[in-house]
Amino acid sequence: MRARAIAVFMVVGLLAVACGNEESTGGSSDSSGRPGVTDDEIRVGGVVGKTNPVGRPYEDGFVGAQAYFDLVNENGGVFGRDLVLVAERDDQSQASRNVQQLRALVEEDDVFAVLPIVTQIFAGAQYLVDAGVPAFGWNINAEWSTGPNLFGEKGSFLCFDCPNVHPAFVAQQVGATKVAVFAYGQSPQSLDCAEGMRNGFNTYGPELAFEDTSLAFGFTDLSAAVAEVREQGVDFIATCMDVNGNANIAQAVRDAGIELKGVYSPEGYALDVLEDLGAKIDGFYFGSDFVPFEEPNPPEGMQQYLDAMDELGQVPSEQSIAGWTNAALLVAGIEAAGPDFTQESVIEAINEMTDFTADGIRTPQDWTTLHEANSAAEACTAIIQVQNGEFVPVFGEPGSPFVCFEVDQVAKTGPPDLSSPTIQ
Amino acid sequence: MQDIIQFGIEGFPVGCVYALVAVGLVLTYKTSGVFNLAFGAQAFLSAAVFLKFRNDYDWPLWLSFLVAVVVIGPLVGLVLDLALFRHLRTASWMVKLVTSLGLLVAIPEAVKIWFGQGARFNPPSVAPLLGIDADRVFHVGDYNVSADRLVVVIVTLAVVLGLGVMFRYTAIGLQMRAVVESPRMVELAGVDSERVSAVAWMASSLLAALSGVLVAPLLTNVDSNTMTLLIVAAIAAAAFGKLTSIPLTLAGGLLLGIGQRVIAGELPANSILAQGIRPALPFLLLFALLIFLPGLYKRRDVTDPLAGVDPPAPALAASYKDEQLRKVTRFTFPLFLAVFIGLNLFVLSGLWVNRFTEGLVFAVIFLSITVFTGLSGQVSLGQAAFAGIGAAMTGQLATQSGMAVWLAMLVGAVVAGVIGALLALPALRLGGIFLALATLAFGLAVEAIVFPLDGTEEIFGFYPNVFGGQLGVKVPRPQGLATDQSFFLFVFAIFGLVAMLVILVRNGTTGRFLGAMRGSETAAASIGINGTRQRIIVFAFSAAIAGLGGALHGMLVGSSTYQNWPAFYGIVWVVLVLTLGVRTIDGAVNAGMSFVLVQYLLDDLLHLPASLFFVLFGLGALTYARHPEGVVEFQTRRSIDEQVQGRRLNARAARLRSAGRLPSEWMPVRYAVVPMMPLLLVPVVGYYMGSRPALFAVLIGVPLLYSFWWVYRCYANIHAHRGRGVPAPVGLLVDLAARLGTLFLLPIEIARMAGGDGRDQPITWRAGRAPCGFVLAGLFLWYRSGTENAPEDLGLLVIALAGIVVFLRWVAQVQQALNRSWLDLAEPEAAEGDEGEPGVAEKVEAPPALTAPAGGT
């Protein structure tokens, strides 16, 4: 009997199936174009991967966003409305939960905008694009470039295989002659990053003497790599690995007694990491797409952020400043759209902005170009070195920490040489 | 030659790391008969304690070490022995494996609730305890060895030497080995086998703790995933030692370390070959050893002739139904299905439909475990790989070659099935723990080698693309299934189809052959059953189902990436399905829905740590030893048995009433339960209507007063019969003061009464555990409602309703137990006859697998 009942329902279900493929999985939005907006408040909610394999504090995204909202609300809100972070959801770094949590924000929590999204797996991007909801987050996922309503804190399109100019710049600045690149063999992100570094070094030098893109997560023996580093006379290392990988490299190099002129990593600029690893990463260079926390003359936005974190008793972090920046962009978008703002008009307004900086926290963002490859993109990074257990901004100037180069993301080429960066 | 020396010197310390961990695994296996996959979890626990105490609490190094290694290590071992493994010494390999898998899942997640979710860096070095500067580097010719590596080398060699001496020359070493072989024989020789077992577990756990603390500085962090992966890699070294020889295990570890160094030195470091093989080497090696090392695949787990002779699995719960219950089920089951589908199609929001659809998708994947484990009695830990293969293949075929996605889905399932069949060929000779390890190695190797392929690298003239890199592969839905409702219907239909196939296979020739093989492969072969063919079928069928589920998951999400299918999901899935029920479709459905809805309940509604889900199900797996049929199947059978028993008691009561002999203490169960049922309305009213003091006073007050009267009556009747025990006023006072006490005290009184009469105990104190658990959970949530992690109202509603239902069930159980007592006292001759009727206890001894009953979904 059960089998018969199942069969009936099965047939009904299969009858629904046609031969073609569906282009989209759907998505819906409020017909008024301003869900979650009342006379008093604008509802916002976000999704982070509190449980993530790299163990970083992704929930800090909420801290930064909430701190910025508090600042805005103390000053009267936006068009008389308070910004309210109504939901802080966790996708546990699972694809299906990411989709469901984003849907829950839109369909259950009735939010005007999704903010922040700080996750390893951004599987719900297409849903947000279909729903037309403005969404803001920390861009470590290629999905951010898939729709005009998705706004990463450092822009939405990241060119992973464009020449990565900053490691080459740092290597040149420290007088390195031969470099090695390390990456995880199991991670497409890490491999894409390594490709960008390879292109950078091959274009600008120094000579790329050795490349190991087959390292394993976790416990990995670096003795072969270290032997190669020694044999090839490598004096500069660039890594595309997480904090743990960097720590492993640092230890292996230290144990081998090899003198390097520098180690560069785009990942790892985090105060808690410094506290844990301290002297073990002394001399390392890290990249940052925002004004370093240690900037002696911080811009207004950074000062406000640092004050807010101090007041909350929170350690500043990459994730929380991403949340802060996201919140600032949303507020700027609403203000630009005017008092009758809708989701659509806010998205349009942001995409017409040409110099958003979150009050100086970042270099000017031209949102008319940041969703896709740009033939005249500006690649700006603040470079920070660990010196005596502290982060110190280097290569920039007080008040202008960013080292910038023009990069053609379409042709995937960089400037002719790295001798004259723009310092911003 | 120079290279060989270099590889040897540089690979030696790494080899010692593997060897140290592997020796710990071998020690546990030799001394307990358990292949303790939770070894890594124990190591993580001690490493976490060591780091926390030293770095966060600033305890002295020696004291942190003392607590983390010398105290916690053996203590954990002692607890595991006393609470679990002592009772499993003669249990089957499956029970031991599932228990260790449960611990593997539960321990790290429980530790993370205290330690924090993420990795912690800079674990303290133990080198200073040996008088060595932690930063010192030692030079061996042109090579350098750090203090931490040197410590590992020294400790590994010392441990190997010490264990070798212990096993060869000491009485306790001999006793440890003997206890595993046959505790009964050892006891005949006057040895306290329980003491020996405890010492063995304490020693092996001490080694786990030592491994964790020593290895952490080499990992540069303390993280459960990293630690677990290292332990799995070290299994290859243990396999080299055939799980018994400690010197050979040391050799295996060293070969592994040196082998990795050779490959790292010889393969181009940026080649796709190196990217795949370097991380996967331990798993490939493990797989090869398991397949080709005769000492492994021929070894018997234990040599005690009485070991592992567990009774056959109990018949499915459905077979316990009487005719009346069958009639009811025939009506209610289709009704339930219709309501479930109707709700999804017409009532629930799209998001809720999506959640239920995901539950069904996982139910499809979990049916692959139902097939593999439920039918063949083996364990596969590599199902995540097949699901990933199905998802990737479906997406690639649908998006790259324009194939209709439903056809691509079928092709994806077939490809997964073919790969499963190919895996079966080398794995044919394996069974038990070794097959489980081989499938785990397969899953990890696929994750490391196959899934990262993104079409950018050439392999023999091809550019294989599995998940398409960072963005993953798009997996479109079939046309017309864009809405949540239509896709739900589609998934439901696929699930129904697969479920029917599983039932057909289970009840057909293949299922019966597999059942026979599960009982005895030799006996099955003797009656002409081709074991090879059946095994290949079950591998292929199971893999194809997992692949199909993976494809559905891709369609649900819209895409699939390599990150969606980590090999360790395969372990969690097995734990989940085995906990809930591996032999039935019900078990897979419950596991699928739990995987989605319990996470939703704990995280989104109750705002509890995400780890709690894994802790609950990990600990749930520990019940496998007692209920190998699964919690759901056990509860279903118990519920059916209670209903059947209840009807029999009612019939007896009617007979006695007509004869004028019905005891005055008799009370129909519904008289006890129904007046308390208004309690169910309290949370519902509260959730939907808010505070309604007058209404609440009635809804709570009346059942509460009635329950006091009922409790008083129960105690009074029992006391009147026994003439001693808890007087009714005292019982009532206990109830008034704390109902928690009554939950246990009343069943105890009933059991004492039966014991005093020389009758079977119709109920035990255990009946109070479930409602008590809900009461404590309720108190905890009430406490949290004042914090920033306050539970959502919907979460409180769900917990309150579940708690009240469980309490009402306790009332029914107590009343039924009392009724049985009164009737047995009034009609002792019928009581004896009653025992002869086929109840649960008798059914447990029921016929073996060849005659496994049909039906029971």
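Chains as they are written, first to last, in the numbering used here: chain A, 1 to 424; chain B, 1001 to 1857. Where a beta carbon is used, it is the ideal one built from N, C-alpha and C, also for glycine.
Could you check which residue in D1604(B), Q1643(B), G1581(B) and R1652(B) has the C-alpha nearest to that of H1627(B)? In the second sequence, counting from the first residue as 1, residue 1627(B) sits at position 627. Nearest C-alpha to H1627(B): G1581(B).
What is the rounded straight-line gap between the Cα of L274(A) and the Cα of V1180(B)? Position 274 of the first sequence, counted from the first residue, corresponds to residue 274(A). Position 180 of the second sequence, counted from the first residue, corresponds to residue 1180(B). So the alpha carbons of these two residues sit roughly 49 Å apart.
What does the alpha-carbon distance come out to for the pair R1054(B) and R362(A)? If you number the second sequence from 1, residue 1054(B) lands on position 54. If you number the first sequence from 1, residue 362(A) lands on position 362. The alpha-carbon atoms of R1054(B) and R362(A) are separated by roughly 39 Å.
Using a Cβ cut-off of 8 Å (strictly closer), state whether C404(A) contacts chain B. Counting from 1 along the first sequence, the entry for residue 404(A) is found at position 404. No, C404(A) lies away from the interface with chain B (no Cβ there is under 8 Å from its Cβ).
Contacting residues, own chain, Cβ-Cβ under 6 Å from E143(A) (five flanking each side not counted): Within the first sequence, numbered from 1, the residue matching residue 143(A) stands at position 143. Residues F122 and A125 of the same chain have their beta carbon placed closer than 6 Å to that of E143(A), with the five preceding and five following residues left out of the count.
What are the partner residues of P401(A), as DSSP defines its beta bridges? Taking the first sequence and counting its residues from 1, one reaches residue 401(A) at position 401. Beta-bridge pairing links P401(A) to no other residue.
For P1605(B) versus P1791(B), is the C-beta distance shorter than 8 Å? Position 605 of the second sequence holds residue 1605(B). Position 791 of the second sequence holds residue 1791(B). Looking at the sequence provided, one finds Leu at residue 1605(B) rather than Pro. The criterion of a C-beta distance shorter than 8 Å is satisfied by L1605(B) and P1791(B).
Under 7 Å Cβ-Cβ, which residues of chain A neighbour D1454(B)? Looking up residue 1454(B) in the second sequence gives position 454. The answer, in chain order, is P188.
For E437(A), is the classification buried or exposed, using 16 other Cβ atoms within 10 angstroms of its Cβ as the cut-off for buried? Given a span of 1 to 424 for chain A in the structure shown, any question on residue 437(A) remains unanswerable.
Taking 7 Å as the limit between beta carbons, can you name the residues of its chain near V1596(B), skipping five residues before and five after? The count along the second sequence starts at 1 and reaches residue 1596(B) at position 596. Cβ neighbours of V1596(B) beyond the five flanking positions: R1355, E1358, G1359 and F1362.
Using a Cβ-Cβ distance cut-off of 8 Å, determine whether Q409(A) contacts chain B. What you label residue 409(A) is simply residue 409 of the first sequence in a count that begins at 1. Put simply, the CB of Q409(A) is far from chain B, with every gap to its CB atoms at 8 Å or more.
8 Å is my cut-off, CB to CB: does N1270(B) come that close to chain A? By 1-based counting over the second sequence, the position of residue 1270(B) is 270. Judged by the 8 Å Cβ criterion, N1270(B) is in contact with chain A.
On the criterion of 16 or more Cβ atoms from any shown chain inside 10 Å, does M302(A) qualify as buried, or is it exposed? Residue mapping note: residue 302(A) aligns to position 302 of the first sequence, counting from 1. Buried.
Just tell me which of S1204(B), R1752(B) and V1153(B) has its CA closest to the CA of K1030(B). If you number the second sequence from 1, residue 1030(B) lands on position 30. Proximity to K1030(B) across S1204(B), R1752(B) and V1153(B) peaks at S1204(B), based on C-alpha coordinates.
Interface flag, A3(A) vs chain B, CB-CB below 8 Å: Against the first sequence, residue 3(A) aligns to sequence position 3. A caution first: A3(A) carries a pLDDT of 48, below 50, which makes its placement in the model too unreliable to give a value.
CA-CA distance, E406(A) and E294(A)? In the first sequence, counting from the first residue as 1, residue 406(A) sits at position 406. In the first sequence, counting from the first residue as 1, residue 294(A) sits at position 294. Roughly 26 Å between the two C-alpha positions.
Burial state of H371(A) (16 or more Cβ within 10 Å): What you label residue 371(A) is simply residue 371 of the first sequence in a count that begins at 1. Buried, by the Cβ-count rule.
Interfacial residues, the segment 1563–1574 of chain B to chain A, with Cβ spacing under 7 Å: Cβ contacts with chain A come from Q1563 and N1564.
Of all the alpha helix (DSSP H) runs that stay within the bounds of the segment 1500–1563 of chain B, which reach a length of 4 or more residues? Whole alpha helix (DSSP H) segments, 4+ residues: 1509–1519, 1521–1526 and 1531–1557.
So if I threshold CB-CB distances at 9 Å, which residues from the segment 1385–1415 of chain B count as touching chain A? Here the close residues are A1398, T1399, G1402, M1403, A1404, V1405, W1406, L1407 and A1408.
Show which residues of chain A have a CB atom less than 7 Å away from the CB atom of Q1378(B). Indexing the second sequence from 1 puts residue 1378(B) at position 378. Simply none; closest approach about 26 Å.
What residue from Y1057(B), L1250(B), L1088(B) and N1036(B) has the CA that sits closest to V1017(B)'s CA? Taking the first residue of the second sequence as position 1, residue 1017(B) is located at position 17. By alpha-carbon distance to V1017(B), the top candidate from Y1057(B), L1250(B), L1088(B) and N1036(B) is L1250(B).
Please report the residue range of the alpha helix (DSSP H) in which T1394(B) lies. Mapped onto the second sequence, residue 1394(B) falls at position 394. Going by DSSP, T1394(B) is part of the alpha helix (DSSP H) stretching over Q1383 to Q1400.
Return the Cβ separation of Q1599(B) and F1613(B) in integer angstroms, given the expectation that the two are a contact with Cβ distance under 8 Å. What you label residue 1599(B) is simply residue 599 of the second sequence in a count that begins at 1. What you label residue 1613(B) is simply residue 613 of the second sequence in a count that begins at 1. Contact holds; Cβ gap of about 5 Å.
Roughly how many angstroms lie between the CA atoms of A1338(B) and V86(A), to the nearest whole one? Working through the second sequence from its first residue, we reach residue 1338(B) at position 338. Working through the first sequence from its first residue, we reach residue 86(A) at position 86. Cα-Cα distance, rounded: 36 Å.
8 Å Cβ cutoff met for A209(A) and V226(A): In the first sequence, the residue the question calls residue 209(A) occupies position 209. In the first sequence, the residue the question calls residue 226(A) occupies position 226. Not closer than 8 Å, so no.
In chain B, which residues lie less than 8 Å from K50(A) when you measure between Cβ atoms? Here residue 50(A) refers to the residue found at position 50 of the first sequence. Residues of chain B passing the Cβ test: Q1117 and A1610.
Among K412(A), C240(A), V44(A) and E335(A), nearest to D104(A) - alpha-carbon criterion: Here residue 104(A) corresponds to residue number 104 of the first sequence, with the count starting at 1. Going by the sequence as given, residue 104(A) is Ala instead of Asp. Of the candidates K412(A), C240(A), V44(A) and E335(A), the one whose C-alpha sits nearest the C-alpha of A104(A) is V44(A).
For a minimum of 4 consecutive residues, which ranges assigned as the alpha helix (DSSP H) are wholly contained in the segment 1198–1260 of chain B? Scanning the segment 1198–1260 of chain B from its first residue to its last, the whole alpha helix (DSSP H) runs of 4-plus residues come out as 1224–1240.
Can you tell me the Cβ-Cβ gap for V1498(B) and L1548(B), rounded? I've got them flagged as a contact below 8 Å. For this step, residue 1498(B) is matched to residue 498 along the second sequence. For this step, residue 1548(B) is matched to residue 548 along the second sequence. About 7 Å separates the two Cβ atoms, so the contact holds.
Could you work out which residues of chain B lie near I121(A), taking near to mean beta carbons separated by less than 8 Å? Taking the first residue of the first sequence as 1, we reach residue 121(A) at position 121. Near I121(A) (Cβ distances below 8 Å), the residues of chain B are T1561, Q1563 and N1564.
Nearest-angstrom Cα separation, counted from F1807(B) out to T1329(B): Counting from 1 along the second sequence, the entry for residue 1329(B) is found at position 329. Counting from 1 along the second sequence, the entry for residue 1807(B) is found at position 807. In this structure, the straight-line span from the alpha carbon of T1329(B) to that of F1807(B) is close to 24 Å.
Which residue marks the beginning of the alpha helix (DSSP H) containing H1721(B), and which one marks its end? On the second sequence, residue 1721(B) is found 721 positions in, with the first residue counted as 1. In the DSSP assignment, H1721(B) falls within the unbroken alpha helix (DSSP H) covering P1693 to R1722.
Measuring alpha carbon to alpha carbon, tell me which residue in V1140(B), V1353(B) and Y1706(B) is nearest V1674(B). Looking up residue 1674(B) in the second sequence gives position 674. Checked all of V1140(B), V1353(B) and Y1706(B); the closest Cα to V1674(B) is Y1706(B).
Take A1189(B) as the anchor and find which of F1513(B), V1199(B), A1198(B) and A1178(B) has the nearest alpha-carbon. Position 189 of the second sequence holds residue 1189(B). Closest by alpha carbon: A1178(B).
What's the C-alpha gap between V106(A) and G132(A)? Reading the first sequence from its first residue, position 106 is the one you call residue 106(A). Reading the first sequence from its first residue, position 132 is the one you call residue 132(A). Their Cα atoms are separated by approximately 10 Å.
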